[in-house]
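Engineer:
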Amino acid sequence: MTELNEAQKLELAKYLMNFLNAGDWQELAILTKLETSYNWQSLYKDVKWANDSLKKNCIDAVRVILGKDPANLQFIWNINGVQNSLKRKNLELYKFIESIINKQEFKTVESPNLANASKNVFEALVEAELLIGQMGATSAYDRTHTALHGFLQTVCDKNQIAYGQLDSITALLPKVNLLIKSKVVDDGRNDKVFEMLRSANAILEKINYLRNNHSMSHPTEELLNEDDAHFAINLTRSIMSYIDNIIEKI
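So my numbering is basically just the index in the sequence shown, starting at one, shifted up by 47.
1) Can you tell me which of Ser158, Gln73, Gly197 puts its alpha carbon nearest to the alpha carbon of Lys166?
2) For a quick check, are the C-beta atoms of Lys56 and Val129 less than 9 Å apart?
3) Under 7 Å Cβ to Cβ from Leu226, same chain only, skipping five residues before and after it: list those, please.
4) Near Phe241, what residues of its chain come up, given a Cβ to Cβ distance below 8 Å and the 5 sequence neighbours on each side ignored?
5) Compare the beta carbon distance of Ala69 and Lys95 with 9 Å and say whether it is the shorter of the two.
6) Is Thr283 helix, strand or coil by DSSP?
7) Which value, in whole angstroms, describes the spacing of the CA atoms of Pro221 and Leu244?
8) Short of 8 Å in beta carbon distance, which residues of its chain neighbour Tyr210, apart from the five on each side in sequence? Order them along the chain.
9) When the Cα of Leu308 is compared with those of Ser158, Ser186, Val173, Phe143, which residue comes out closest?
10) Note down the Cα distance separating Gln121 from His192, rounded to an integer number of angstroms.
11) How would you label Leu177, buried or exposed, when you count the other beta carbons within 10 angstroms and need 16 or more for buried?
12) State the Cα-Cα distance for the pair Asp233 and Glu252, rounded to the nearest angstrom.
13) Would the C-beta of Gln200 count as close to the ligand GDP, meaning under 8 Å from any of its heavy atoms?
14) According to DSSP, is Leu251 helix, strand or coil?
15) Compute the Euclidean distance between the alpha carbons of Ile280 and Ser84, then round it to the nearest angstrom.
16) Determine the DSSP secondary structure at Glu82, reduced to helix, strand or coil.
17) Enumerate in chain order the residues of its own chain whose CB-to-CB distance from Tyr91 is below 8 Å, with the five nearest sequence positions on each side excluded.
18) With burial defined as no fewer than 16 other Cβ atoms inside 10 Å of the residue's Cβ, what is the status of Tyr188: buried or exposed?
19) Taking the C-alpha atoms as reference points, what is the distance between Glu53 and Lys80?
20) Following the continuous alpha helix (DSSP H) through Ile148, name the residue where it begins and the one where it ends.
21) Suppose contacts are defined by Cβ-Cβ distances below 9 Å. Is Asn260 in contact with Ser215 by that definition?
22) May I ask you to report which of helix, strand or coil DSSP gives Glu74?
23) Should Phe169 and Leu51 be called a contact, given that it needs their Cβ atoms to be closer than 9 Å?
24) Do you know whose CA, among Leu78, His277, Leu195, Asn137, lies nearest Ala60's CA?
25) Mapping DSSP to helix, strand and coil, what is Leu257?
Next up, the structure:
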């Protein structure tokens, strides 16, 4: 199960500090079976009197609740009014928690271990992997796109294929396809392989559009949702792995 990182837990605690009353916190203590595992009475007093220690106690409470079981996030989510209020106050955190609760996230294709990877490609893949775990696939998509672009450029560089510095992914892939077609020994399945790669270019064109219009690479209020971003990342990683494996065998 995807979990909130420490920064997200802090944001959630700060939000709950200004939203939950003592009764809500008591409900959480009961539902999570943590009534004797934390100094709830101190928190209840802080909530009632708005003491200076309220923020600290809220942070500690969230850590205790989610530390026992990350699935306890469901109990926080189901408190009356939390979802609508959080959506207004912190949309990014709301969407991430929503994706966890609704189990919208699914296993991402493993980050490829590429032979044809420059330092920039490697760094982009590492950053994407970190972002997926910390912020979700929506935040990671742009770095995955950057990795694919750099990967195709590296393949061209290693095989003395000329290309323009402004060439997009969809301009680079046909060049790589021609290389593969000229080098691969026909084993009776080549036609289908090349059809797949040509089809991949059409997919990449759509991915390019998504990256330019619905990712964090450019200012936009219409980001990909987690499902869309996971799908695009999985496709991108699969294409890189497939081409890399073919290239290494020729």
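Cβ coordinates follow ideal geometry from the N, Cα and C atoms, glycine included. Given the structure is predicted, the values throughout are model-derived calculations rather than measurements.
Structural biologist: According to the structure shown:
1) Lys166 has its Cα closest to that of Gly197, out of Ser158, Gln73, Gly197.
2) no
3) Asn206, Ile208
4) Asn224, Ile227, Lys228
5) Yes, Cβ-Cβ distance for Ala69 and Lys95 is below 9 Å.
6) Thr283: helix per DSSP, three-state reduction.
7) 8 Å
8) Once the five neighbours on either side are set aside, the close Cβ partners of Tyr210 are Gln200, Cys203, Ala218, Leu219, Lys222.
9) Past the boundaries of the shown model lies residue 308; the chain is included only from 48 to 297, so the question cannot be answered.
10) Taking the CA atoms as reference points, Gln121 sits about 33 Å from His192.
11) exposed
12) 28 Å
13) Only the bare structure without any ligand can be found here, which leaves the ligand GDP out of the picture.
14) Of the three classes helix, strand and coil, the one that applies to Leu251 here is helix, per DSSP.
15) 41 Å
16) Shown here, Glu82 sits in coil according to DSSP, grouped into three states, outside any helix or strand.
17) Ala69, Trp72, Gln73
18) buried
19) 22 Å
20) 138-148
21) no
22) Here Glu74 sits in helix by DSSP.
23) no
24) Each of Leu78, His277, Leu195, Asn137 was checked against the Cα of Ala60, and the nearest Cα belongs to Asn137.
25) helix
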